[in-house]
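Numbering (the numbering used here), first residue to last: 3 to 155.
Here it is as structure tokens:
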């Protein structure tokens, strides 16, 4: 049941928060990010979506200026782009920058919702509360049963 080197979606305030198909950790977002970094995550992709409406894509200089005001070191950002779904994607490999970016509540005066995807980690850090004396097969059976229940609902 190895999931090494797969994407793990760590949600802050997911725009699909009513979905029962997403894993919801009881840890705060910043704790999840630190835990992911300690367990080998080396690249973080942060998605921003307008809480209502859409983010304007016409003013890239204003966007850069807005981020420069909110972040200590914008040069640590590897990549910024708008996705086809009208979300703003910001990529970085620096933990401190990720923490600063996830604290942003509005971009260019527009309230936003943020989610973080970390790469090159395993899902085992999400299951740190599972006792180690439980056989892996028992865990797999329980997770499979939960998945079946969610898809039948």
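Quick reminder that beta carbons are idealized off the backbone N, C-alpha and C, glycines included.
Tell me whether residue i is buried or exposed, calling it buried when 16 or more other Cβ atoms sit within 10 Å of its Cβ.
{"i": "residue 117", "result": "buried"}
{"i": "residue 138", "result": "exposed"}
{"i": "residue 100", "result": "buried"}
{"i": "residue 39", "result": "buried"}
{"i": "residue 104", "result": "buried"}
{"i": "residue 51", "result": "buried"}
{"i": "residue 145", "result": "exposed"}
Who are residue i's beta bridge partners in DSSP?
{"i": "residue 83", "result": "91"}
{"i": "residue 109", "result": "112"}
Nearest to residue i by alpha carbon, out of the options?
{"i": "residue 87", "options": "140, 61, 107 and 55", "result": "55"}
{"i": "residue 93", "options": "108, 106 and 47", "result": "47"}
{"i": "residue 45", "options": "112, 141, 109 and 96", "result": "96"}
Quick check: what's the CA-CA separation for residue i versus residue j?
{"i": "residue 43", "j": "residue 33", "result": "13 Å"}
{"i": "residue 59", "j": "residue 74", "result": "23 Å"}
- Query: Which runs of the beta strand (DSSP E), 3 residues or longer, sit entirely within the segment 24 to 74?
  - Reply: 45 to 52
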